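Take 90 as the starting number for the sequence shown in the numbering used here and just add one per residue.
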Amino acid sequence: MRVFNDIIYAAMGFASVYRARGDHGNGQAVLEWSLRTLRGLKQKGVPDSIDKLSAVFCAYLAAFQLDAGDAKAARESVDRALALARGFDAAPDYSCLNVRFISDGERTGTFYDILGATALQAVENAVKDAGSPALTALLRERQDDIQR
């Protein structure tokens, strides 16, 4: 699990640096790579902590997409973040049982995160951290559309 954590922290670190530099292309690339990697780590098609983390990555990706002028892609990323968050929050699972490529001894562990008490809160925190009024407005719009 340590390698998993190192990969996630490195990806978020790179994304933060790229955001600070205004490097939208590399920021999007590292987040898209991270999302593909996270999907590859899922063993089963059931919601788990990987989905909560993926929801956060989708929210950050939307910030880069908006900054690059791709509102359609940003909307799709926000919608995906919200869908992942809803799926996870309906049945939160912090176990490591569904993670591929970890040893059997590590499967008895659980994920611990400080992203938010719920996946939706984690997405909202990611949007707030991105510091983008346009992303904040897009998230609210999409949440309102879903609630109707």
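The C-beta atom is built at its ideal place from N, Cα and C for all residues, glycine as well.
The structure displayed is predicted, hence computed values, not measured ones.
- LYS131 is bridged by DSSP to VAL188.
- Taking each of VAL216, LYS217, SER138 in turn and checking the Cα distance to ALA179, the smallest one comes out for SER138.
- In the structure shown, TYR149 adopts helical secondary structure according to DSSP, grouped into three states.
- Annotation for GLY102: no residue places its beta carbon closer than 6 angstroms to its own, counting only its chain and skipping 5 residues before and after.
- Distance between ASN187 and PRO136, taken at the CA atoms: about 9 angstroms.
- Between the region 210–220 and the region 141–161 there are three or more inter-stretch CB-CB distances shorter than 8 angstroms, so the stretches are counted as touching.
- When secondary structure is reduced to three states using DSSP, TYR107 falls in the helix class.
- With 16 or more other Cβ atoms from the protein chains shown falling within 10 Å of its own Cβ, ALA219 counts as buried.
- Residue state for LEU155 is assigned as helix, using DSSP reduced to three classes.
- Put simply, of GLY111, ASP112, ALA109, GLU121 the residue whose alpha carbon is nearest the alpha carbon of ILE97 is GLU121.
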